[in-house]
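S.K.:
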Amino acid sequence: MKRFFALAAIGFAFAGCFKNGEDSRTCNYDPCGYKAPQAEIDSVKAILARQGITNATEHCSGLFYVVDSMGNGAVPSPCDQVAVRYKGMLKDGSVFDQSNTTSGWAPVGGFIPGWINGLPLIKQGGGMRLYIPPSLGYGKNAIKDRVDTTKVIIPANSVLIFEVKLDGVWKS
Numbered sequence: 001m002k003r004f005f006a007l008a009a010i011g012f013a014f015a016g017c018f019k020n021g022e023d024s025r026t027c028n029y030d031p032c033g034y035k036a037p038q039a040e041i042d043s044v045k046a047i048l049a050r051q052g053i054t055n056a057t058e059h060c061s062g063l064f065y066v067v068d069s070m071g072n073g074a075v076p077s078p079c080d081q082v083a084v085r086y087k088g089m090l091k092d093g094s095v096f097d098q099s100n101t102t103s104g105w106a107p108v109g110g111f112i113p114g115w116i117n118g119l120p121l122i123k124q125g126g127g128m129r130l131y132i133p134p135s136l137g138y139g140k141n142a143i144k145d146r147v148d149t150t151k152v153i154i155p156a157n158s159v160l161i162f163e164v165k166l167d168g169v170w171k172s
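For the sequence shown, position 14 matches number 14 in UniProt numbering, and the numbering has no gaps at all.
#1: Starting from Lys-45, follow the beta strand (DSSP E) in both directions and report where the run begins and ends.
#2: For Tyr-65, which residues from the same chain have a beta carbon less than 8 Å from its beta carbon, with the 5 sequence-adjacent residues on both sides left out?
#3: Is Cys-79 buried or exposed, if buried means 16 or more other CB atoms sit within 10 Å of its CB?
#4: Taking DSSP as the reference, what is the three-state secondary structure of Pro-107?
#5: So, with DSSP's three-state summary, where would you put Leu-119?
#6: Which residues share a DSSP beta bridge with Phe-64?
#7: Specify whether the segment 67 to 86 and the segment 100 to 109 touch according to this definition: at least 3 beta carbon pairs, one from each stretch, less than 8 Å apart.
#8: Is it buried or exposed for Ala-36, if we count other Cβ within 10 angstroms and need 16 for buried?
#9: Can you name, in chain order, every residue of its own chain whose Cβ lies under 6 Å from the Cβ of Lys-165, other than the five neighbours on each side?
#10: Please list, in chain order, all residues of the same chain as Tyr-138 whose beta carbon is under 8 Å from its beta carbon, the five residues on each side excluded.
#11: Please state whether the Cβ-Cβ distance between Lys-91 and Ile-47 is less than 8 Å.
Okay, here's the thing in structure tokens:
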């Protein structure tokens with residue numbers, strides 16, 4: 001949870017630098033402009049197969065997703081802000097972060113690419129599972145605990161799995 005708010009704070013600071021809260025690099029984001037390397041996509045496919053998940057859809061970026069409920073509200077764009085609940089896991093199922101209550105508002109464009117690509121696939125009120133290749137997550141960067149900085153909570157080159165509930169969309 002603390003990592004989410006740190007990421008959101010960075011995103012808010014970043015968003016505050018733009019005219020009218022918009023940045024053409026974020027607002028004109030092309031979700032298919034970068035595709036994860038095939039080896040990473042194959043790794044995600046293997047995880048899905050091991051977990052018996054046969055209904056995942058491959059996004060043009062190499063992200064895989066399962067829509068659990070579409071929702072019926074607004075669809076977020078990279079320029080919008082969202083309120084979410086989520087659980088982040090590694091491929092072994094270990095939870096590295098979660099929010100059981102709705103977060104504060106955070107800019108979509110401030111999230112990792114896997115979230116920027118995935119969130120617009122559902123509407124407000126919807127829920128999904130994201131299977132994110134390393135290059136659409138934290139890539140070669142290991143993420144350490146903020147308190148015990150010797151403890152790695154997300155190893156480098158990790159596939160990330162998120163259960164996400166999109167509680168709110170604030171259109172910019």
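Where a beta carbon is used, it is the ideal one built from N, C-alpha and C, also for glycine.
M.R.: So, from the listed chains and residues:
#1: Note, Lys-45: premise wrong, no beta strand (DSSP E); alpha helix (DSSP H) at 38 to 50.
#2: Ala-56, Thr-57, His-59, Gly-118, Leu-121, Met-128, Arg-129, Leu-130 and Tyr-131
#3: Classification for Cys-79: buried.
#4: Note: Pro-107 maps to strand in three-state DSSP.
#5: Note: Leu-119 maps to helix in three-state DSSP.
#6: BP columns for Phe-64 point to Glu-58 and Tyr-131.
#7: By the Cβ test, the segment 67 to 86 is in contact with the segment 100 to 109, since at least three Cβ pairs between them sit closer than 8 Å.
#8: buried
#9: Arg-85 and Gly-127
#10: Ile-112, Ile-154, Ala-156, Ser-158 and Leu-160
#11: yes
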